[in-house]
Amino acid sequence: ISEYSKTHSLFQLNESVFSLEVYLSSFVGSEISPGSAQIDAISGLVRALKTAATMTTPTGHDHETASGEISVFVLGGKGDLTAELASALRDRGCDVQHFRDTDSLLQQLQEHAPRVIVADTVMLPEMPPLSAELVRLRSHMSINIPLIFVSNSTALQLRVDAIRAGGDGYLVAPLDAAAVAAQIRAAASPDQQRPYRVVVVEDDPTQADFAGSILRKAGVEVLQVTEPVKVIESLRTFKPDLILMDIYMPEVNGIELTTIIRDHQEFVAIPIVFLSGEQNADKQLDALSVGGDDFIAKPIRPKHLLGIVQTRIRRARQLLSATGQPPKHDRVTGLFSRQHFLDRVAKQIDSAADEGQAGVLLVRPDSLPTLQKQIGVGGIDHLMSEFGAILAGQITDTDLAARIDENTFGVLLRRDSADHLVHLAEAILRSIGGHEFSNQVSTTASIGLCFIDDRLEDANGIVSRAATACEEAGKHGGNRVHTHRSDADSQEILAAPEDNLSQRIKATLHENSFSILYQPMLDLQTRGSETYEIVLRMANAQGDLIGDRQLLEAAEVAGVCAELDRWILERAIDILKQRRESGRRTRIFVHQSSHSALDVNLPAWLLGRLRSKQVVGTGLVVDFRLPDLSQDLKTAQQNIKALRDMDVDVSLSRFPEKEAAFKVLRFLQAGYINIAPRLLKADRETIGSVIRQAHDASAKVIVSNVDDPRSIDLHWSSGADFLQGNFIQRPLENMDYDFSQVVI
């Protein structure tokens, strides 16, 4: 069995039989008889071998069902937290098996391993046998099944018990079952469990082969680089999780190479582990100080190498997940992510006057429902991966391809003329239609094209127009390119007539379908602190996202300003709660209209919402326009005091440099002022006076509307507390901005 499994690369089976072989060999040819403890150990190794053999056979079950559904085991009593979660997981294409006791789950675990196990903490007393089995699977067979606990309690001891039982996650009620199920579904997806990837940089091919063979045997994907000068190119193409590098090489040593690697922003977070016989502590410290993470002493010990590599990669992935920093690339296709795509489209809009014609293509496979029935969810992932490869093969280095959503791709490109863009789109269609996909299906695609010009000012609007064109191509049978066309009136980015917008805003409120964006605000005094302003957007009849003045005017006409204010406050509370539960300390600014500025019922309503969601107000900042509050300063003072009593802070926007404004600030005792836009180019004396008086009143100074570095006097950055604007960062679809990397 040992030789056969090794020959056919059946790693799990080989490791299991090897462990049993080594253990039994200690008794062969000796007079030692195994005692009860040794018999138990042998029994455990035999069970591990049996499980490995079962999972290796073609009839054995894997993490996915035949239809491609992801297998999830749920452990809990009837009607508890896990019941609703199980239903939500099924709705997301998971094959869920619900168990009432650990014995039945263990029995099923012998048949096949799930992607993840979700258990209620009420089952903790029954967990020891299951925990022991999960440890055995992990240690003897390299099968890692995450165990996630759900609970009604935040008690520290219960969390400790869950960790001791082998828990990898702990979720506390009240749970948003749909959101939690989506997280579990994403965590359990095959692309999330992708193999570890390591680049070995070693000028000695023999040493590189030795390290590479150890890693490959453990299932790690390895790229060996024996010419260190080519390492940057290799990192970009291979996209490793870790770099394993010899510290002494003739052309360029490891310390120099690490310095060069760390100068590239895209490689800052990749762990670098040095291979070296160096025992001098000072030299080791020099290597670590330029960006290295660990040392492995030569000669290389396989167990030590694997332990450090796996631990470093696992930790790097955990940090990525915990900090929420998004990969710029989609894990399945290798293409860029949606947010990175939108950022690049926005930059292309800013340079729309450049030579040639820029445009956005949206590409979507035809007949998706039929394909999903044929090849299942897992098959669709493979199909998407091949789609991504086709697109990547059709574009140049100056273009950008991204995965926009589950089944849609975007391509940003510039050519000499509009006709050239159309011709490229048609070439992509031909490539897709003529491609033989690995899962023995054939398909075509629909492509929508939207040209970028100086009349379009919003990246989301451009993508939305391309999506509309893509849908039109699909409606006409697919396998075609449809270009977004409109008459002169609809090409202008203007709001629809007020009566249409007022009806639309009422419907959007009713359907909870506003687009929420998050604009980072840079804290110049506390590096790395997370601060966002919530930005509300709504699609008009042309599919463009409108906001700010147009949205407020529409709400005014519709008579729903107060309702809109409370809607966005409610969302802000939900977001704060989610961030806190994930261990993040986030500050959120929310603008309120004149209707809420002097609403005496607002503090009581907000206090009720905070209590109902079991959240304190810390981190929430409500922004009012100073002119709105000036109409009734006594009421404004009472409201602001009530907000401060619940730890909700207040910001005064449109703040001028006038002495009267500072008298109002001292009277209201607001925590922040947001300067009037006209002060961006104020003289140095005025800037200094505004900052000094605000700080004397214990208020922090926000400088927003920084859309161009030429639009602001640089003296603001030396005294203000926050900077905000499109030049720093346009509003994002998520809260994944990396505040720690910002330098002003």
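If you read the sequence shown in our numbering, its first letter stands for residue 1171, the second for the next number, and so on. Each residue gets a CB set at the ideal place from its N, CA and C atoms; glycine is no exception.
Residue i, enclosing alpha helix (DSSP H) - first and last residue
| i | result |
| --- | --- |
| His-1765 | 1764-1767 |
| Leu-1599 | 1588-1603 |
| Ala-1334 | The identity of residue 1334 in the sequence shown is Arg, whereas the question assumes Ala. Note, Arg-1334: alpha helix (DSSP H), 1326-1334. |
| Ile-1743 | 1731-1751 |
| Val-1401 | 1401-1408 |
Local conformation of residue i per DSSP, three classes
| i | result |
| --- | --- |
| Ile-1617 | strand |
| Thr-1376 | helix |
| Leu-1783 | Note that residue 1783 is Lys in the sequence shown here, rather than Leu. Looking at Lys-1783 - three-state DSSP - the assignment turns out to be coil, as it is neither helix nor strand. |
| Lys-1804 | helix |
| Met-1816 | coil |
| Gln-1689 | strand |
| Ala-1572 | strand |
| Val-1873 | strand |
| Ile-1413 | strand |
| Thr-1638 | helix |
| Asp-1906 | coil |
| Val-1834 | helix |
| Ala-1864 | helix |
| Asn-1809 | helix |
| Gly-1558 | helix |
| Arg-1900 | coil |
| Leu-1183 | helix |
| Arg-1386 | helix |
| Gly-1529 | strand |
| Phe-1607 | coil |
| Phe-1506 | strand |
| Met-1297 | coil |
| Pro-1420 | coil |
Presumed contact (8 Å Cβ cut-off) between residue i and residue j, rounded CB distance
| i | j | result |
| --- | --- | --- |
| Ser-1874 | Gly-1895 | 6 Å |
| Ala-1840 | Val-1820 | 4 Å |
| Leu-1739 | Val-1760 | 6 Å |
| Pro-1441 | Ala-1486 | 5 Å |
| Ile-1675 | Val-1730 | 6 Å |
| Leu-1245 | Phe-1269 | 5 Å |
| Thr-1272 | Met-1297 | 7 Å |
| Val-1401 | Val-1370 | Between Val-1370 and Val-1401 the Cβ distance is about 10 Å, and since that is not below 8 Å, they are no contact. |
| Gln-1564 | Ala-1597 | 6 Å |
| Ile-1354 | Val-1292 | In fact, because the Cβ distance is near 19 Å, the residues do not count as touching under 8 Å. |
| Gly-1631 | Asp-1714 | 4 Å |
The beta strand (DSSP E) enclosing residue i, as first and last residue numbers
| i | result |
| --- | --- |
| Gln-1394 | 1391-1395 |
| Asp-1464 | 1464-1467 |
| Pro-1204 | Careful: Pro-1204 lies outside any beta strand (DSSP E) and carries neither H nor E. |
| Gln-1578 | Going by the sequence as given, residue 1578 is Thr instead of Gln. Counting along the chain, the beta strand (DSSP E) containing Thr-1578 begins and ends at 1578-1585. |
| Phe-1444 | 1442-1446 |
Which residues DSSP lists as bridging residue i, in chain order
| i | result |
| --- | --- |
| Met-1708 | Ile-1716 |
| Pro-1535 | Ala-1615 |
| Cys-1264 | Ile-1240 |
| Thr-1428 | According to DSSP, Thr-1428 bridges with nothing at all. |
| Phe-1794 | Leu-1822 |
| Leu-1135 | Residue numbering for the chain in the displayed model covers 1171 to 1914; residue 1135 lies beyond these limits and cannot be assessed. |
| Val-1286 | Val-1242 |
| Thr-1701 | Arg-1757 |
| His-1652 | Gly-1618 |
| Asn-1844 | Ser-1823 and Ile-1872 |
| Phe-1269 | Leu-1245 |
| Val-1370 | Gln-1394 and Leu-1414 |
| Leu-1893 | Leu-1692 and Val-1873 |
Sequence-distant residues of its chain with Cβ nearer than 6 Å to residue i (five each side left out)
| i | result |
| --- | --- |
| Leu-1583 | Asp-1569 |
| Leu-1307 | Ile-1313 |
| Ser-1764 | Asp-1798 |
| Asp-1586 | Gly-1526 |
| Ser-1910 | Gly-1698 |
Own chain partners of residue i with C-beta closer than 7 Å, once the 5 adjacent residues on each side are dropped
| i | result |
| --- | --- |
| Val-1438 | Arg-1432 |
| Trp-1886 | Ile-1857 and Val-1873 |
| Ala-1869 | Leu-1835, Ala-1840, Gly-1841, Tyr-1842 and Ile-1843 |
| Asp-1817 | Val-1786, Gly-1787 and Thr-1788 |
| Arg-1754 | Glu-1700 |
Sequence-distant residues of the same chain with beta carbon closer than 8 Å to residue i, five excluded per side
| i | result |
| --- | --- |
| Ser-1888 | none |
| Glu-1808 | Residue identity check: residue 1808 is Gln in the sequence provided, not Glu. Here the set comprises Val-1770. |
| Asp-1744 | Lys-1783 |
Contact test: residue i Cβ vs the ligand MG heavy atom, cutoff 8 Å
| i | result |
| --- | --- |
| Glu-1740 | No copy of the ligand MG occurs in the structure displayed, which carries no ligand at all. |
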